[in-house]
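Chains A and B, in that order, give the protein sequences. If you read the first sequence in the numbering used here, its first letter stands for residue 1, the second for the next number, and so on. If you read the second sequence in the numbering used here, its first letter stands for residue 409, the second for the next number, and so on. All C-beta atoms in this analysis are idealised placements derived from N, C-alpha and C, irrespective of residue type, glycine included. These notes are about the structure you will find just below.
2 protein chains.
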Amino acid sequence: MKILVQKYGGTSVADLACMKQVLEKVRKSLQRADKLVVVLSARAGDTNRLLAMAGEWSPAPDKAECDALVSTGEQVAVTLFAMLLIDAGIRARSLLAHQIPIRTDDGHGNARIRKIDDEMLRSLLDAHDVLVVAGFQGCTEDLRITTLGRGGSDTSAVALAAVLGSVECEIYTDVDGVYTTDPNICSAARKLDRIAYSEMLEMASMGAKVLHIRSVEFAQKYKVPVWVRSTFTDDPGTLVTQEDSTMEALLVSGIAFDKDQARVTLHNLPDVPGIAASVFGPISEKGILVDMIVQNTSLDGHTDITFTIPRKDLNPTLELMKEVAPKIGATEVVHDLNVAKVSAIGVGMRNHSGVAARAFAALTGEGINILMISTSEIKITILIREKYVELAVRILHDTFGLDWDPMG
Amino acid sequence: MKILVQKYGGTSVADLACMKQVLEKVRKSLQRADKLVVVLSARAGDTNRLLAMAGEWSPAPDKAECDALVSTGEQVAVTLFAMLLIDAGIRARSLLAHQIPIRTDDGHGNARIRKIDDEMLRSLLDAHDVLVVAGFQGCTEDLRITTLGRGGSDTSAVALAAVLGSVECEIYTDVDGVYTTDPNICSAARKLDRIAYSEMLEMASMGAKVLHIRSVEFAQKYKVPVWVRSTFTDDPGTLVTQEDSTMEALLVSGIAFDKDQARVTLHNLPDVPGIAASVFGPISEKGILVDMIVQNTSLDGHTDITFTIPRKDLNPTLELMKEVAPKIGATEVVHDLNVAKVSAIGVGMRNHSGVAARAFAALTGEGINILMISTSEIKITILIREKYVELAVRILHDTFGLDWDPMG
């Protein structure tokens with residue numbers, strides 16, 4: 001029995017007209033699969049409306065209650081869509097997370113899937129052609145409703161595909177695939193036919209919001225091939241899959257960027273063990289995500305530490321540093337809001353030296369000052385002044401020849 | 409441990425300001441009870457909005473999907489209210505029907521409660537001061553969401569009170585109690601301090617929409633005293649309770665009426681066994697509620713059958729009669745939309761003859777023609793032309809001395 005898992009995002013189910021388009025996609029898909037599991041997000045705007053309501057009711061809404069509130073968005077979407085399918089003569093029903101169940105931990109607002117029971121799903125698939133599953137939601141052991149974090153419906157879909165041994169998972173959204181970079185910034189951006197899980201992870205973590213990052217981790221772990229496609233075109237889209245040799249022929253697959261960055265520097269720290277822990281311990285306790293960290297080599301027993309954080313976390317971070325700095329002997333805390341990250345990503349990078357050097361040369365050749373650098377096996381990230389972001393993206397895109405398809 | 413069950417209707421939780429008033433009621437109530445179970449309806453307008461959406465999506469929405477859709481209204485109300493309580497420092501959480509669970513049959517749209525598990529409720533009451541339970545909803549054995557019919561939150565509350573052995577159940581609404589009749593029609597209408605379950609049942613079934621009829625059946629069965637009160641005043645309201653001798657001193661406790669009636673007559677039926685079944689079988693199969701039925705005594709082996717139905721069901725009923733009439737030899741089917749019912753209700757009626765006679769005399773004395781009559785142990789119902797309803801209500805209210813309190 002061929003089971004296909006499809007996920008449709010909020011813009012794809014925004015209103016009756018959109019849902020009718022999805023109905024046609026589903027009808028066609030039943031010609032190439034025996035059974036369909038369709039995962040839906042909340043209708044565009046519903047999640048924001050519900051979160052705004054929570055914000056009106058409470059300055060800091062209880063997270064468990066907030067999850068139970070927000071999850072109604074997906075409940076509305078799946079029940080309405082199931083009505084359409086049933087009226088179209090398709091044997092269908094909606095499913096909420098607790099009905100399956102999709103078990104998660106109790107990390108309300110950002111819960112992680114622990115276990116999906118496939119028994120009920122399989123028995124329901126005997127009696128139905130399409131199961132319409134509410135994405136984004138899960139439930140704890142004691143049946144409280146959780147949510148998986150923004151974009152979590154992607155993860156619901158991939159996890160269901162993994163547990164059902166689905167041959168493929170298709171993520172339908174309002175873009176027609178994964179691009180080498182943001183087409184709004186770089187007109188030479190090109191849609192990729194394939195991208196490796198590891199590359200997609202680096203793209204996703206850089207704020208290229210095509211796929212929820214945890215869905216890619218799931219897909220990689222359970223080797224689920226994931227198609228990213230548009231609901232509104234017939235373009236085959238981009239396949240997110242395991243690395244193969246053709247991918248490694250490419251040095252760089254994409255250029256990502258993130259403008260939501262702030263930089264903080266602590267000056268003149270005594271270079272003794274435990275200093276980094278004193279700085280980053282309190283920050284991580286607050287749940288603030290530190291990204292790049294650079295510590296200069298020690299001069300006369302003193303050093304500087306510079307790190308980047310999301311912009312919204314700057315004020316709480318500076319508050320923390322006000323307490324921490326005197327304790328560890330830092331003479332000054334300075335910060336900078338006008339910075340941004342640009343990254344070149346590619347599994348081919350692993351086998352080739354000189355990629356970083358080419359990137360640095362290209363940027364400095366155009367007069368862009370490099371503020372910080374961090375590299376991983378398949379990624380080079382460069383912190384620059386925010387005003388240079390668009391220029392830097394275009395330079396790197398051109399430098400690594402992303403505007404033409406070497407496989408094409 | 410004194411557990412109090414309270415239910416607040418849709419107008420009581422319509423917006424943040426209303427919910428804050430309910431918060432104060434809850435805070436005060438915690439001074440006279442150890443624990444509170446607060447049952448909420450959907451915020452005013454939400455249920456209608458969701459039903460309208462279902463109607464936009466489907467001409468005849470799948471009932472199970474519709475229940476899962478509409479139940480989000482209560483889910484939104486309870487999570488928002490739980491947020492308020494938690495912010496006010498009250499140990500509280502929301503509960504959906506499936507989390508308790510409140511088991512019902514699978515009569516979607518009008519399900520009946522089969523069983524409420526009190527184990528989880530009791531253990532949650534150890535750790536919380538207030539449990540905020542979504543009214544109106546239940547779940548089937550296989551976890552599908554059901555709803556209990558319009559006004560079903562009253563039934564949720566009374567059922568919870570019954571299972572928890574709550575000393576009392578308080579229904580907060582936008583009126584301050586049960587009246588002898590509709591004050592909009594009869595200015596002499598008086599709020600009752602007490603009313604018997606059986607009287608309330610007759611009032612409720614006549615469309616006096618203060619309490620959901622099934623909630624009264626539950627209350628009567630499990631002997632739960634139910635207070636009907638206003639959220640917006642401090643009036644003690646009306647106590648719905650078991651009959652006692654003081655109640656029986658009153659001949660009539662209230663006058664109810666129902667304008668939503670249509671009358672259908674089949675003329676010249678052969679008076680043979682099985683005729684009534686041929687007429688009413690197909691009607692009840694369609695789920696149409698027949699109320700009054702009168703069959704004249706046979707003249708020359710032929711008879712007439714007249715019955716009343718809700719007005720909205722007139723067309724489908726006439727369609728059915730078009731098929732049925734020729735089969736059973738009826739010569740004519742006539743109908744009348746301009747009729748209405750007026751009832752006098754009272755447990756005291758049981759011990760006194762002549763109540764019916766006084767009612768008929770009073771109405772005919774004012775020139776009101778009586779079209780049909782039906783009587784039960786504690787109720788006399790009279791069908792009249794619709795234009796006389798207000799007059800008839802005032803006449804009966806006066807005839808039975810309802811404008812003064814014999815106990816007062």
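Meets three-Cβ-pair contact criterion under 8 Å: the region 632-646 of chain B and the region 571-586 of chain B: The region 632-646 of chain B makes contact with the region 571-586 of chain B; the number of CB pairs closer than 8 Å reaches 3 or more.
Close Cβ partners of Gly138 (chain A) (< 7 Å) along its chain, the five nearest in sequence each way excluded: If we look at Gly138 (chain A) and ignore the five residues flanking it on each side, its Cβ neighbours are Ala97, Ile102, Arg103, Thr104, Ala111, Ile113, Thr146, Leu148.
Exposed unless 16 or more other CB atoms sit within 10 angstroms - verdict on Leu383 (chain A): Leu383 (chain A) is buried by the Cβ-count criterion.
Entirely enclosed beta strand (DSSP E) segments - the region 443-468 of chain B, minimum 3 residues: DSSP runs (the beta strand (DSSP E)) wholly in the region 443-468 of chain B: 443-448.
CB-CB length for Gln703 (chain B) against Thr711 (chain B), believed under 8 Å: The beta-carbon distance between Gln703 (chain B) and Thr711 (chain B), rounded to whole angstroms, is 6 Å. This is short enough to meet the 8 Å contact definition.
Straight-line gap, Val801 (chain B) to Asp811 (chain B) (C-alpha atoms, nearest Å): Near 12 Å, if we compare the C-alpha coordinates of Asp811 (chain B) and Val801 (chain B).
Span of the beta strand (DSSP E), counted from its first residue to its last, around Met372 (chain A): First-last of the beta strand (DSSP E) with Met372 (chain A): 372-376.
Pro270 (chain A) - containing beta strand (DSSP E), residue span: Start and end: 254-270.
Spatial distance of Arg451 (chain B) from Val698 (chain B) (CA atoms): If you take the alpha carbons of Arg451 (chain B) and Val698 (chain B), they lie about 32 Å apart.
Sub-8 Å separation of Ser12 (chain A) and Val5 (chain A) beta-carbons: With a cutoff of 8 Å on beta-carbon distance, Ser12 (chain A) and Val5 (chain A) are scored as not near each other.
Residues bridged to Tyr8 (chain A) [DSSP beta-bridge criterion]: BP columns for Tyr8 (chain A) point to A:Leu40, A:Tyr172.
Arg358 (chain A) and Thr331 (chain A) closer than 8 Å at C-beta: Taking 8 Å as the cut-off, the beta carbon of Arg358 (chain A) is found no closer than this to the beta carbon of Thr331 (chain A).
Span of the beta strand (DSSP E), counted from its first residue to its last, around Leu337 (chain A): Segment 332-345, the beta strand (DSSP E) holding Leu337 (chain A).
Beta-carbon proximity of Gly135 (chain A) to Val39 (chain A), cut-off 8 Å: Yes.
Sequence-distant residues of its chain with Cβ nearer than 8 Å to Glu202 (chain A) (five each side left out): Answer for Glu202 (chain A): Ala256, Ser343, Ile345, Ser376, Ile378, Lys379, listed in chain order.
For Asn268 (chain A), the nearest candidate out of A:Met247, A:Gly329, A:Pro225, A:Gln261 (CA to CA): When each option's Cα is compared against that of Asn268 (chain A), the closest is A:Gly329.
Three-state secondary structure assigned by DSSP to Ala496 (chain B): Three-state DSSP puts Ala496 (chain B) in coil, outside helix and strand.
Residue environment, Val132 (chain A), which counts as buried when at least 16 other CB atoms sit within 10 Å: Around the beta carbon of Val132 (chain A), 16 or more other beta carbons lie within 10 angstroms, which makes this residue buried.
Uninterrupted beta strand (DSSP E) stretches inside the region 213-251 of chain A (no shorter than 3 residues): Segments of the beta strand (DSSP E) lying fully in the region 213-251 of chain A: 226-230, 238-241.
DSSP beta-bridge partners of Lys379 (chain A): Looking at the DSSP assignment, Lys379 (chain A) forms a beta bridge with A:Ile345, A:Ser376.
Assigned secondary structure, Cys474 (chain B) (DSSP; H/G/I helix, E/B strand, else coil): Three-state DSSP puts Cys474 (chain B) in a helix.
Cross-chain neighbours of His743 (chain B) in chain A, by beta carbon under 9 Å: Using a Cβ-Cβ cut-off of 9 Å, His743 (chain B) is close to nothing in chain A; its nearest Cβ partner there is about 33 Å away.
Rounded straight-line distance, which links the Cα of Val797 (chain B) to that of Pro724 (chain B): Taking the straight line joining both Cα atoms gives about 26 Å.
Ala196 (chain A) in three-state terms, based on DSSP: Three-state DSSP puts Ala196 (chain A) in a strand.
Glu549 (chain B) at chain A interface by Cβ criterion, 8 Å: By this cut-off, Glu549 (chain B) is not an interface position.
Those residues which DSSP pairs with Ala134 (chain A) across a bridge: DSSP lists A:Leu40 as partners of Ala134 (chain A).
C-beta contact flag for Ser215 (chain A) and Ala276 (chain A) at 8 Å: Against a cut-off of 8 Å, the Cβ pair of Ala276 (chain A) and Ser215 (chain A) comes out as no contact.
Other residues of its chain near Leu320 (chain A): CB distance less than 8 Å, five sequence neighbours each side excluded: Within the same chain, Leu320 (chain A) has close Cβ partners Pro282, Ile283, Lys286.
Residue-level contact to chain B via CB, Gly408 (chain A), 8 Å cutoff: Because the pLDDT of Gly408 (chain A) is 47, which lies under 50, any placement of that residue in the model is unreliable, and the number read from its coordinates should be weighed accordingly. Under the Cβ criterion of 8 Å, Gly408 (chain A) is not counted among the residues facing chain B.
8 Å Cβ cutoff, Val750 (chain B) in contact with chain A: Val750 (chain B) does not count as touching chain A.
Closer than 7 Å at the beta carbon, the chain A residues around Ser502 (chain B): Here the neighbours are Glu65, Ala68.
Supposed contact pair Leu95 (chain A) and Thr72 (chain A) - C-beta distance, whole angstroms, cut 8 Å: Contact annotation, Thr72 (chain A) with Leu95 (chain A): C-beta distance approximately 15 Å; criterion of less than 8 Å not satisfied.
Any C-beta of chain A under 8 Å from that of Gln545 (chain B): No, because no Cβ of chain A sits closer than 8 Å to the Cβ of Gln545 (chain B).
Cβ-based burial, Lys7 (chain A) [other Cβ within 10 Å; buried from 16]: So Lys7 (chain A) ends up on the buried side.
N- and C-terminal bounds of the beta strand (DSSP E) containing Phe808 (chain B): Unbroken run through Phe808 (chain B): none, as it is neither H nor E.
Beta carbon proximity, Pro469 (chain B) to chain A, threshold 8 Å: Answer yes: the Cβ-Cβ gap between Pro469 (chain B) and chain A drops below 8 Å somewhere.
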